[in-house]
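Residue numbers (this note's numbering), protein chains in the order written: chain A, 1 to 196; chain B, 1001 to 1202.
Quick reminder that beta carbons are idealized off the backbone N, C-alpha and C, glycines included.
The structure presented is a predicted model; accordingly, all values stated were derived computationally and were not measured.
Notes to accompany the following structure.
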């Protein structure tokens, strides 16, 4: 079977869904249409992906490589992930309408201590050419990288083997306390922390 | 029927009555649930855990109740056309949070098919982040997540506290008490640090 291929595509769809939800809420917190548009693009991509996966599953099922229950589980799983993507798009839709956001929206969505950062990685930063695994940003700085934009390409839910390069735009969450520290690190300024 | 099972069934049939509660509070809870429920349902599948699946069902039922409540509040809050325009956006977000929760709950129901096939659970192992339930240790009683500086020291996020039959979401300033179970998201290393921190270590 194309099991490995189905797996890869399912994982991609699941990661899209997770990131879309994060980005959709962020688009409202920052009243940022670019982020909302990004959610829309990802939604289209995810739709196409879902169709493709469903077709693969049905083909495998027809050829007897999947039992009825397995087929059912996979198809329902794909449609649930699609449902999550739809929810994210509905949220981004609010940002893209030509209506001012209700102030309560931002207040209720923003979490009390977590903040969202979007910052370009400076070539002066010691983070350049390191992998996220080496940098341990989450365990050392409480900073989670949600997505990396490199040129026109997006890398969602980057993992420990993802390399950072100068010019990357990092989308991350961190705490208010750590904001300055993280920003300085990305900008390569006043660094107290250096990485070996 | 399990204790949790009774709780969510009761929530599902609860009569929704008007209660003065502001839109901001309700929407905040809905947003928090929409994020928590996806994590929980992934974990329910990964660990094939019926307790987690029951938590998901409870939250889904709670979400339905909240969706009713927020509609009532929004209708009462609209004074003119401009208000209505803006409040429509709030209801849209509430509806979307509900859509996300429904989808997450659907994922959990896949466990009913009792699959041997590891394909779906394996998808949730990929991520570098783990979601674990950790019982709070005596050292942390009376201290909140923010006093313990959990996020800055370990990178872990305490997503919620399960206290008795209720949930406390985004419990930044809520002091832990005996019997609390924290739902924590972090890297393997971060979770280890968190356990050490809970025992009063650095």
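- Between residue 80 (chain A) and residue 1103 (chain B), the CB-CB gap stays under 7 Å.
- DSSP places residue 155 (chain A) inside the beta strand (DSSP E), whose first and last residues are 153-156.
- Contact annotation for residue 139 (chain A) against chain B: 1154, 1155, 1187, 1189, 1190, 1193 [CB-CB distance below 7 Å, chain order].
- Here residue 88 (chain A) has 20, 21, 24, 39 as same chain residues with Cβ atoms under 6 Å from its own Cβ, once five neighbours each way along the sequence are excluded.
- Scanning its chain for C-beta atoms nearer than 7 Å, with the 5 sequence neighbours on each side dropped, one finds around residue 1039 (chain B) the residues 1131, 1159, 1185, in chain order.
- The Cβ atoms of residue 28 (chain A) and residue 109 (chain A) sit closer than 7 Å to each other.
- Collapsing the DSSP output to three states places residue 1186 (chain B) in a strand.
- Near chain A, meaning a CB-to-CB distance below 7 Å, the residues of the segment 1077-1088 of chain B are 1085, 1086, 1087.
- Closest option to residue 1064 (chain B), judged by alpha-carbon separation, among B:1086, B:1080, B:1027, B:1084: B:1027.
- Cβ neighbours of residue 1143 (chain B) within its own chain (closer than 7 Å, five residues either side excluded): 1175, 1176.
- Our two residues, residue 50 (chain A) and residue 104 (chain A), have alpha carbons roughly 34 Å apart in a direct line.
- Nearest in C-alpha terms to residue 85 (chain A), of all of A:31, A:43, A:187, is A:43.
- At least 7 Å separates the beta-carbon of residue 174 (chain A) from that of residue 133 (chain A).
- Residues of chain B whose Cβ lies closer than 8 Å to the Cβ of residue 83 (chain A) are, in chain order, 1099, 1100, 1102, 1103, 1106.
- Here DSSP, grouped into helix, strand and coil, assigns residue 187 (chain A) to helix.
- Listed along the chain, the chain B residues whose CB falls inside 7 Å of the CB of residue 45 (chain A) amount to none; the nearest CB is some 18 Å away.
- Relative to residue 1165 (chain B), the option among B:1051, B:1030, B:1024, B:1034 whose CA is nearest is B:1051.
- With its beta carbon at least 7 Å from every one in chain B, residue 64 (chain A) lies outside the interface.
- When the alpha-carbon of residue 1067 (chain B) is set against those of B:1046, B:1022, B:1055, the nearest one is in B:1022.
- In this structure, the straight-line span from the alpha carbon of residue 11 (chain A) to that of residue 1123 (chain B) is close to 6 Å.
- For residue 1055 (chain B), the number of other beta carbons within 10 angstroms of its own is at least 16, and it is reported as buried.
- Under the three-state reduction of DSSP, residue 55 (chain A) is assigned to helix.
- By the CB criterion at 7 Å, residue 163 (chain A) and residue 131 (chain A) fall inside the cutoff.
- Using a Cβ distance threshold of 7 Å, residue 1061 (chain B) and residue 1011 (chain B) count as a contacting pair.
- Residue B:1042 holds the alpha-carbon nearest to the alpha-carbon of residue 1105 (chain B) among B:1070, B:1042, B:1133.
- Contact between residue 1053 (chain B) and residue 1108 (chain B) holds, with the beta-carbon distance rounding to 5 Å and staying under 8 Å.
- Within the segment 93-111 of chain A, the residues whose Cβ lies closer than 8 Å to any Cβ of chain B are, in chain order, 93, 94, 97, 99, 100, 101, 102, 104, 105, 107, 108, 109, 111.
- Contact with chain B is absent for residue 124 (chain A), since none of that chain's Cβ atoms lies less than 7 Å from the residue's Cβ.
- The DSSP assignment places complete beta strand (DSSP E) segments of no fewer than 3 residues inside the segment 1082-1135 of chain B at 1130-1135, in order along the chain.
- Contacts with chain B at 7 Å (Cβ-Cβ) do not include residue 34 (chain A).
- At a cut-off of 7 Å between beta carbons, residue 179 (chain A) makes no contact with chain B.
- Under the 7 Å criterion on CB atoms, residue 1151 (chain B) is classed as interfacial with respect to chain A.
- Cβ contact annotation for residue 31 (chain A) (same chain, cutoff 8 Å, sequence separation greater than five): 95, 101, 106, in chain order.
- Taking the Cα positions, residue 1031 (chain B) is about 20 Å away from residue 171 (chain A).
- Across the structure, residue 9 (chain A) and residue 1120 (chain B) are spaced so that their CA atoms are roughly 12 Å apart.
- DSSP places residue 29 (chain A) in the uninterrupted alpha helix (DSSP H) bounded by 3-29.
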